[in-house]
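Enquirer: According to the working numbering, the sequence shown is numbered sequentially starting from 12.
Cβ atoms here follow ideal geometry from the backbone N, Cα and C, with glycine treated the same way.
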Amino acid sequence: MRHGVSVILSLASLAISVALAPSTASARPTGEPQGCANCHYESDGPSLALGFSNPTPLPGELIDITVEIEANNSEALRSGLFLASASGEGTFTLVDSEDTRYAFEDGDQSSVTHAEPRVLENGRAQFQLQWTAPDSVGVTDFVLWSITGNSNGESDDDHHATIRQGIAHGCDALNYYEDLDGDGFGNEDSVQLSCDPIAGRIEQGGDCDDNNVETFPGATEVCNTVDDNCDGEADE
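Dropping the structure here:
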């Protein structure tokens, strides 16, 4: 089963590498968030989504990127972003320099952050960017990190979230999944986009428990308090 790159993808929170975030940033005294993976934040962070004007660009093609942030905490007032090309490939272009800036001051255009924290409107914020794909054929992974902050001056109760999204340029890429239990269905959380087959991975996802060979889409549902067929319900 083939899987195209989604124009809009929203995933559950994942852990971001500390190396991808500025090492000296922190929450401001008013609680406004800045890109930082060295502080402690609560989970249940905002829902994040990346939208691409062309989800399958050609090498060297310029595309528009829309970042959508939606708070899941009722006390959230502001939000920001840290968006990076995980491999450092491709270059970002700032659409509005008063809205976003490059994350580092050494001429690196592979990561961007907010110029000022965005005040949420109805719990939402949106950022616009542009990105030029590398000249080579392949897949580039983006890592999007964000928090929602309040105004109590503390960083330890701000809520964080991260998603990782791959985009193919110049090839018909497929999603490949780990299949640890060998039941022919891969773990959705292990997805990796690639132009070429990946040894040890399969094209079929959908497994809700990749450590149980008897749990997979289409399995027989039995009365055991487990979602055997991965349809979101147990013992139906």
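1) Along the beta strand (DSSP E) that carries Phe63, what are the first and last residues, could you check?
2) Among Asp246, Glu247, Phe227, which residue has its Cα nearest to the Cα of Asn240?
3) I'd like to confirm the pairing. Which residues does DSSP put opposite Ser205 in its beta bridges?
4) Can the beta-carbon of Arg250 be found less than 8 Å from the beta-carbon of Ala126?
5) Do you know offhand how far Asp200's Cα is from Val154's?
6) Terminal residues of the continuous beta strand (DSSP E) containing Gly160?
7) Can you check whether the CB of Gly91 is closer than 8 Å to the CB of Pro128?
8) With 16 as the cutoff for other CB atoms within 10 Å, does Asp107 come out buried or exposed?
9) Select from Pro68, Thr173, Glu72, Leu131 the residue whose C-alpha is nearest the C-alpha of Phe93.
Expert: The answer reads as follows:
1) 58-63
2) Phe227
3) Leu185
4) One cannot answer for residue 250 here, as it falls past the ends of the chain, which runs 12 to 247.
5) 15 Å
6) 149-160
7) yes
8) exposed
9) Thr173
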